[in-house]
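If you read the sequence shown in UniProt numbering, its first letter stands for residue 1, the second for the next number, and so on.
Glycine is no exception: its CB is placed at the ideal position from the N, C-alpha and C atoms.
If you're wondering where the values come from, they're calculated on a predicted model, not measured in any experiment.
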Amino acid sequence: MKATVRAHPNIALVKYWGKRDEALILPHQSSLSLTLAPIHVTTTVEFGAPSDTVELHGHAARGSERDRVLRLLDAVRVQAGRDLGPAKVVSRGDFPMAAGLASSAAGFAALAVAGRAAAGLPQDTRASSILARRGSGSACRSVQGGFCEWMRGEREDGEDSYAVQRFDAGHWADLRMVVAILDRGEKEVKSRDGMKNTVETSPYYPAWVKDAEAEVPRARELIAKKDLEALGELCERNAWRMHSTSLAADPPLCYLNSATLGLIQHLREQRKKGVPVWFTLDAGPNPVLLTDAAHEVAAEALARACGAVDVVRCVPGGDATLLTEHLF
């Protein structure tokens, strides 16, 4: 009745931004991401505990944070079809929580896989991805490694909205992602609230949905060919358009700051000098730089020169994995 899983976060190259169903966390459009290593979250789940307890990154979870974890485990109980008793959950990450790397993606992916294993359910990638999605949308893309596509789906129950691996971690081993942490502070508007406001008030949102959906097959083709320059241009274009929808919301929502813009502008100058480096940017001020192994050190140096207080260098990561050693 106990299982431990290690999962990696992911960064969306074609973004997920906006839900068509808030309760089931179903997206308006598909997205495509790269799983990142060596950073990870490790989660242990045990059923049959004296009472429900949740510890996240060394602290007792409270309020909505705790409720999200326990709701996911309630779904595991339904799938198991039997009384599993209260659950104890301990989860720890090894990377800066303020890095903009969506620790919840790795955390809920690990929770979904560990929860099913602790309940005695068979390993099932699709079922785990659907379950992880119900905790945090992007978590469905962290159940597997490499490049994963979260398919939008059409069904109202969400059973056709899950992530599939398009290319494994070894497909493009030379690819590098360099996270430039410019600001460790908490963002004023959480992603889920920013999404909701954008969907409801931005006049650009319908165009975003159509455009982003069309970018997914283009990104797949470029990844298949390992075309760094074209993929970098696509990532930047998609990130700018996502943030444009938020800037057009009411009230306007801006996740970028002056340091973000400074670094992004500097990348253009570096490309003119022959350094192959591009950016992507989720809902926060910290860009993730896309480059290759030969220019990874240069990418870190330019991030620090532009004010990065910390840098996390990443390679393509693998699947969520069951471990034999537990956190308790």
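D174 and D292 closer than 7 angstroms at C-beta: The residue you call residue 174 lines up with position 174 of the sequence shown. The residue you call residue 292 lines up with position 292 of the sequence shown. Yes; because the gap between Cβ atoms is below 7 angstroms, this pair is in contact.
Limits of the unbroken alpha helix (DSSP H) element including L222: Here residue 222 is taken as the residue at index 222 of the sequence shown, counted from 1. Per DSSP, L222 belongs to the alpha helix (DSSP H) from 205-225.
Where F279 falls, given that 16 or more other Cβ within 10 Å makes a residue buried: Within the sequence shown, the letter at position 279 stands for residue 279. Under this definition F279 is a buried residue.
Sequence ranges, beta strand (DSSP E) only - wholly within the region 117-168, length at least 3: DSSP runs (the beta strand (DSSP E)) wholly in the region 117-168: 147-150, 163-167.
Contact between the region 34-48 and the region 103-114 (3+ Cβ pairs under 8 angstroms): Contact holds: three or more Cβ-Cβ distances are below 8 angstroms.
For N286, three-class secondary structure by DSSP: Residue mapping note: residue 286 aligns to position 286 of the sequence shown, counting from 1. Coil.
Cβ contact (3+ pairs, closer than 8 angstroms) linking the region 22-41 and the region 308-328: The region 22-41 is in contact with the region 308-328.
Alpha carbon of A114 to alpha carbon of F95, nearest angstrom: The residue you call residue 114 lines up with position 114 of the sequence shown. The residue you call residue 95 lines up with position 95 of the sequence shown. Taking the straight line from one Cα to the other gives about 20 angstroms.
Under the three-state DSSP convention, the category H28 falls into: Against the sequence shown, residue 28 aligns to sequence position 28. In the structure shown, H28 sits in coil (DSSP, three-state: anything other than H, G, I, E or B).
Extent of the continuous alpha helix (DSSP H) to which V297 belongs: In the sequence shown, residue 297 corresponds to position 297, counting from 1. In the DSSP annotation of this structure, the continuous segment of the alpha helix (DSSP H) that includes V297 starts and ends at 296-305.
Rounded C-alpha distance that separates S103 from G93: Within the sequence shown, residue 103 is the residue found at index 103, counting from 1. Within the sequence shown, residue 93 is the residue found at index 93, counting from 1. Going from the Cα of S103 to the Cα of G93 covers about 7 angstroms.
Residues that T259 bridges to, as DSSP identifies them: Here residue 259 refers to the residue found at position 259 of the sequence shown. One detail in the question is off: residue 259 reads as Ala in this sequence, not Thr. Answer by DSSP bridge pairing: none, since A259 is not bridged.
C-alpha distance - V5 paired with D250, whole-angstrom precision: Taking the first residue of the sequence shown as 1, we reach residue 5 at position 5. Taking the first residue of the sequence shown as 1, we reach residue 250 at position 250. Approximately 41 angstroms between the Cα atoms of the pair.
Of the residues I223, N286, A305, A259, the one placed nearest C148, counting alpha carbons only: Position 148 of the sequence shown holds residue 148. Closest option to C148, Cα to Cα, is I223.
Collapsed DSSP secondary structure at L327 in the structure displayed: Your numbering for residue 327 matches position 327 in the sequence shown. Coil.
For L322: DSSP bridge partner residues: For this step, residue 322 is matched to residue 322 along the sequence shown. For L322, which the question treats as bridged, DSSP gives the partners V5.
Anticipated Cβ contact below 8 angstroms, A212 with L131, distance rounded: Walking along the sequence shown from the start, residue 212 turns up at place 212. Walking along the sequence shown from the start, residue 131 turns up at place 131. About 24 angstroms; that fails the 8 angstroms criterion.
Element boundaries [beta strand (DSSP E), containing A87]: Counting from one through the sequence shown, the residue named residue 87 turns up at place 87. Here the beta strand (DSSP E) through A87 covers 87-93.
Pick from K19, L322, V277 that is closest to L302, judged by C-alpha positions: Against the sequence shown, residue 302 aligns to sequence position 302. For the options K19, L322, V277, the alpha carbon positioned closest to that of L302 is the one of V277.
Pairwise C-alpha distance: D83 and L253: Counting from one through the sequence shown, the residue named residue 253 turns up at place 253. Counting from one through the sequence shown, the residue named residue 83 turns up at place 83. Rounded to the nearest whole angstrom, the C-alpha separation of L253 and D83 is 44 angstroms.
Beta bridge counterpart(s) of T291 as assigned by DSSP: On the sequence shown, residue 291 is found 291 positions in, with the first residue counted as 1. Residue pairing from DSSP places T291 in a beta bridge opposite R176.
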